[in-house]
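Step one of this worksheet: look at the structure below.
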DNA sequence: ATTTGGAGACTAGTATACAAGCGCTGTCAA
DNA sequence: TTGACAGCGCTTGTATACTAGTCTCCAAAT
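Residue numbers (my numbering), protein chains in the order written: chain X, 164 to 395; chain U, 164 to 395.
Now the structure itself:
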């Protein structure tokens, strides 16, 4: 309870970390990992008591989470964890697809070849990860892969946008257990994509990318059916 | 000073409006319209005094503006209005382009024809607006046009994303005075775009859209040269 | 002349107290 | 039995006091 005060002091190596930061990160993690389920009510005072802080930093943290669409805050009403909306999920996926496609187009036209080696290494590691069946490891590598693609297309900031979309969808996909079974297919997609970009065949690359991201859709609609209670 | 308290009470027709909302909106407007210039320092107490409220709602408003990248807030340091960054502007334009292209692709493949009449009317009004040289009116219609395109492609939420990007760029473009001279060209773009979509020629539509959004680039780089002091 | 140290006036972060709206629940009357 | 209404406990919103960093400027020492 009180030990967090110490944490917030010791961890300020580069930037000053506030209590609000701490509360925010903890809550964020709990919400994204579904330790706190959609629809749950969160009281400022209750959370404040739990963390041993005053309401103020909790309030700040709530506001930030609200801005990320994770909480719905209404004056004088209990703020609650936002439940999933098929529209929003679909929109996040749409934006991600749009941005990713455009990044790939950039990569085809004017690639930053200094990034190419890193991609090759990443692909190798992906293959290794699925052989040794480290699905967490693969997940990290997949994340890196899409980041590298953005750098390859000289659009590093695009990954920030992609990341935001990804987070919204990932929160949902925590509910899915079929993740790793698809890993092999996903790696194949990645390889095909890189090959197409190397060959400079824009259209082919875009088709592969589209197919790659569409694989999520079945997972999403499956979850929609099996976990309807978390949808609004 | 105190009259705003009344304002916040009378305006809550649909949803409860808080003092923080009020402060946020006022500041937002002032920042976006460049009444408050990039680099300006904003003090919580000073703003609170100016609006005749306590620091708390101002703090909330600051946090929100910070989340929109309009303010840079650092612990124990004066928060200031974020100056423009060419990277961010360019990124916003990139995301907007990506999303808009994908929306148009949707509109070509599976358009919501119930929206078509509204678009026709909008185009007519655009022509009327530039003839009577109402540039503000044209700006509103342009806004509506891009909203309608999203509905036409059955992606209404996409406009929210486009709007966010637009806002970031528009804040910069307030500095430009050459807006209206281009109106005629822009309307022509709009018409061409709609025609291409109607004809179902996806590639043509995408080319037109690309060209349309690229027109912003010269304006942006012009401002970058003439107003370097507002860039970081 | 340059540097350094410290006072004071800033900054934002936090804690606490109070105000005010919403919703439930229990009671009382029809 | 059922409906309405009052009151209470919950929620968040706001105000204020206090803490603690940061900056600036000026004076004193080198």
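Glycine is no exception: its CB is placed at the ideal position from the N, C-alpha and C atoms.
Return yes when the Cβ of residue j is within less than 8 angstroms of the Cβ of residue i, no when it is not.
i: residue 278 (chain X); j: residue 311 (chain X); result: yes
i: residue 286 (chain U); j: residue 357 (chain U); result: yes
i: residue 280 (chain X); j: residue 315 (chain X); result: no
i: residue 325 (chain X); j: residue 262 (chain X); result: yes
i: residue 245 (chain U); j: residue 233 (chain U); result: yes
i: residue 248 (chain U); j: residue 394 (chain U); result: yes
i: residue 320 (chain X); j: residue 250 (chain U); result: yes
i: residue 266 (chain X); j: residue 318 (chain X); result: yes
i: residue 330 (chain U); j: residue 195 (chain U); result: yes
i: residue 328 (chain X); j: residue 255 (chain X); result: yes
i: residue 350 (chain U); j: residue 289 (chain U); result: yes
i: residue 230 (chain X); j: residue 180 (chain U); result: no
DSSP three-state label for residue i, please.
i: residue 380 (chain U); result: helix
i: residue 167 (chain X); result: A caution first: residue 167 (chain X) carries a pLDDT of 39, below 50, which makes its placement in the model too unreliable to give a value.
Throw me the rounded Cβ distance for the residue i and residue j pair, which I believe falls under 8 angstroms.
i: residue 243 (chain U); j: residue 197 (chain U); result: Rounded, the Cβ-Cβ distance is 14 angstroms, inconsistent with contact.
i: residue 304 (chain X); j: residue 386 (chain X); result: So it is not a contact: roughly 23 angstroms between Cβ atoms.
i: residue 216 (chain U); j: residue 235 (chain U); result: Actually they do not touch by this definition, with Cβ atoms about 23 angstroms apart.
i: residue 322 (chain U); j: residue 302 (chain U); result: Incorrect: roughly 16 angstroms between the Cβ atoms, too far for contact.
i: residue 347 (chain X); j: residue 293 (chain X); result: 6 angstroms
i: residue 378 (chain X); j: residue 345 (chain X); result: 7 angstroms
i: residue 183 (chain X); j: residue 224 (chain X); result: 5 angstroms
Exercise. Unbroken beta strand (DSSP E) runs of length 3 or more, entirely within the stretch 193-271 of chain X: which are they?
Worked result: 242-244
I want to know whether the stretch 374-385 of chain U touches the stretch 265-273 of chain U - three or more CB-CB distances under 8 angstroms. no
Count Cβ pairs between the stretch 363-374 of chain X and the stretch 229-244 of chain X that sit closer than 8 angstroms; are there 3 or more?
no
- request: Can you check the stretch 324-364 of chain X for any alpha helix (DSSP H) of at least 4 residues that lies completely inside it and give the ranges in chain order?
  value: 346-362
- What residue ranges within the stretch 280-327 of chain X form continuous alpha helix (DSSP H) runs of no fewer than 4 residues, ordered along the chain? 298-315
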